[in-house]
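These notes are about the structure you will find just below.
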Amino acid sequence: MPITNRQAIYANTPSPAIDPSLSNGTFKISTTTISDNVPDDKVLVRVHYLSLDPAMRQWLTAKRSYIAPVERGSVMRGQSIAQVIGVGSNLKTQYKAGDWVIAYSGWQEYALLGQKEAQKVVIPPGCRPTDAMSVLGMTGLTAYFGMTEVGQPKPGDTVVVSGAAGATGMVAGQIAKIKGAKRVVGLAGSAEKCAFLRNELGFDAAINYKDKDWKKQLKDATPEYIDVFFDNTGGEILDACLARAARDARFAICGAISQYNSAKPQGPASFMTVIVSFPCVSNTESSC
684 MPITNRQAIY ANTPSPAIDP SLSNGTFKIS TTTISDNVPD DKVLVRVHYL SLDPAMRQWL
744 TAKRSYIAPV ERGSVMRGQS IAQVIGVGSN LKTQYKAGDW VIAYSGWQEY ALLGQKEAQK
804 VVIPPGCRPT DAMSVLGMTG LTAYFGMTEV GQPKPGDTVV VSGAAGATGM VAGQIAKIKG
864 AKRVVGLAGS AEKCAFLRNE LGFDAAINYK DKDWKKQLKD ATPEYIDVFF DNTGGEILDA
924 CLARAARDAR FAICGAISQY NSAKPQGPAS FMTVIVSFPC VSNTESSC
């Protein structure tokens, strides 16, 4: 029996920001059907949660990148937490109805997926299915390897994290604390987020980058300069942190969300700091 399936279709190129309007915006909602007659080598899943990540903005432009852009007219690419509701005959030993999976389903309510597109997950006691997509998923792994392999925080270090209240940044900052960093400083975009970083996550200081004097606050919060910087924003914040880099600092470049809508992204200007301090600047997919 056919199942009604709603999909988010990539309709129009951002110009430059994403337009949330569903009438003539970046995406449109399409209603179609999907068969509950599951092919032998597929599983049928119902999507419960979508992962909305800053990197998706880059997927909507035809720039050279680590992944091909999403084609206009297709279902928006994305990862989800889904539950198996039907299993093809060839996959009966791998899946059963009710299993939770990390699914490469795209933005839709139901999807037919192959085995490589539906990774079965076991939810530990006390955890939620969404944990497999956050702290135990891609964002958590990005924070873990970016901080431990590139940042390599150690006792006595001053660590700064931009985008610190985001899914990746908040984990990166907590890892730095666990590893014994002397001081962990987060940058975020509101007073509420800064309070969350200090009071809930244990950051030693938090700076609202929308404050007029945020650069002075950054200087005051890093009296011994910056040993490790985990960057999610790029732009002016990256420049300011380069200017505060300690000798042999490690910079993990995870993202540049402040520049994703820019026709001409701002490049770093603090080149002399790189020459004088010899910071290691690396993306989160490689090591220094």
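Residue 906 in the working numbering is what sits at position 223 of the sequence shown, and the numbering runs on without skipping anything.
We put the CB at the ideal spot given by N, CA and C, even for glycine.
Because the structure is a prediction, the values reported are computed rather than measured.
With distances taken Cα to Cα, identify the nearest neighbour of residue i among the options.
i: I686; options: I712, P807, V721 and T709; result: V721
i: R689; options: T716, T696 and G708; result: T716
i: K775; options: H731, K803, N891 and F886; result: K803
i: A874; options: R927, K893 and I701; result: K893
i: P951; options: L925, Y943 and A935; result: L925
i: I936; options: C810, A826, S718 and G756; result: A826
i: S718; options: T709, E792, A745 and D702; result: E792
For residue i, which residues of its own chain have a beta-carbon under 6 Å away from its beta-carbon, when the five flanking residues on both sides are left out?
i: G846; result: G852, N915 and T916
i: D910; result: D840, T841, A929 and A932
i: A939; result: G917
i: A904; result: V868 and A888
With a threshold of 8 Å on Cβ separation, who are the neighbours of residue i within its own chain once the five nearest residues in sequence on each side are excluded?
i: L705; result: K711 and I712
i: K779; result: V767 and V770
i: I806; result: W783, P812, D814 and A815
i: H731; result: S763, I764, A765, Q766 and P812
Can you grab the Cα-Cα spacing for the pair residue i / residue j, in whole Å?
i: W783; j: Y693; result: 27 Å
i: F912; j: G834; result: 7 Å
i: L901; j: R740; result: 28 Å
i: E800; j: K898; result: 44 Å
i: A858; j: G885; result: The question names Ala, but residue 858 in the sequence shown is Ile. In a straight line, the C-alpha of I858 is about 11 Å away from that of G885.
i: S698; j: Q942; result: 14 Å
i: T696; j: T831; result: 37 Å
i: I890; j: A848; result: 11 Å
Is residue i near the ligand COA, in the sense that its beta carbon is under 7 Å from a heavy atom of that ligand?
i: A815; result: In the structure on display, the ligand COA does not appear, and there are no ligands present to speak of.
Please classify residue i as buried or exposed, where buried requires at least 16 other C-beta atoms within 10 Å of its C-beta.
i: L727; result: buried
i: Y749; result: exposed
i: M684; result: exposed
i: L990; result: Since the displayed the chain opens at 684 and closes at 971, residue 990 lies outside it and no answer follows.
i: I861; result: exposed
Among the residues of its own chain, which have a CB less than 7 Å from the CB of residue i, if the five just before and after it don't count?
i: L733; result: G761, S763 and W790
Handout entry: Unbroken stretches of the alpha helix (DSSP H), 4 residues or longer, contained in the segment 799-841
Key = 821-828
Practice task
Scan the segment 723-781 and note each continuous beta strand (DSSP E) run of 3 residues or more that stays entirely inside, going in chain order.
Solution key: 726-733 and 763-770
Exercise for the section: Report the residue ranges of all beta strand (DSSP E) runs contained in full by the segment 863-917; include only those spanning at least 3 residues, in chain order. Expected result: 866-871, 888-891 and 909-914
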